[in-house]
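Q: Could you have a look at this structure, given as structure tokens, before my questions?
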Amino acid sequence: GTLPQQQQQQQPWQGKDFFVEEIEPASVALFKFRNGQWDDFAFLSKKNGKKNSLTKRQRETVIARLDFLRDVTMGVTSAKEAEIAVLELLLRAEEDCNAS
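The opening residue of the sequence shown carries number 31 in this note's numbering; numbering runs sequentially from there.
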């Protein structure tokens, strides 16, 4: 009776929930990063309904740095760890932007 319920409570990440909460956002962010779709990131978007906290110059600087990192990670297979670090930062920035 109660054992399966306890196991469910101890394992909050069931397959679908884990995908929606963790895998899908990371996959989407990685796709945008690899394709340079910077406007699709809420924290970089010019179309953002909220007032963007970045100035035009700051936005251009961030995009230039992301372009550089993208070129490095796409051209060098050993740089995939750097891509993971960039992905983590992008996900945090999106989360912070969407939370405010």
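Positions of the beta carbon are idealized from the N, C-alpha and C atoms, including for glycine.
Secondary structure at Ala72, three-state DSSP: helix, strand or coil?
A: In the structure shown, Ala72 sits in coil (DSSP, three-state: anything other than H, G, I, E or B).
Q: Per DSSP, what kind of secondary structure is Val50 in: helix, strand or coil?
A: Helix.
Q: Between Gly105 and Ile114, what straight-line distance do the alpha-carbon atoms span, to the nearest angstrom?
A: Near 15 angstroms, if we compare the C-alpha coordinates of Ile114 and Gly105.
Q: Less than 9 angstroms separating the beta-carbons of Leu60 and Leu117?
A: Yes, these two residues count as a Cβ contact at 9 angstroms.
Q: Helix, strand or coil: how does DSSP classify Thr103 here?
A: DSSP places Thr103 in helix when its eight states are reduced to three.
Q: Quick one: using the 10 Å Cβ neighbour count with 16 as the cut-off for buried, is Glu124 buried or exposed?
A: Label assigned to Glu124: buried.
Q: I need the boundaries of the alpha helix (DSSP H) containing Lys110, first residue and last residue.
A: Its alpha helix (DSSP H) spans residues Lys110 to Ala129.
Q: Work out the CA separation of Phe48 and Thr103 for me, nearest whole Å.
A: Each residue's Cα considered, the two are about 27 angstroms apart.
Q: Quick check: Trp68 and Leu99, are their CB atoms within less than 9 angstroms of each other?
A: Against a cut-off of 9 angstroms, the Cβ pair of Leu99 and Trp68 comes out as no contact.
Q: Roughly how many whole angstroms lie between the Cα atoms of Gln36 and Gln44?
A: Reliability fails at Gln36, whose pLDDT of 49 lies under 50, so the model's placement of it is uncertain and the value that follows must be treated cautiously. Distance between the alpha carbons of Gln36 and Gln44 is about 13 angstroms.
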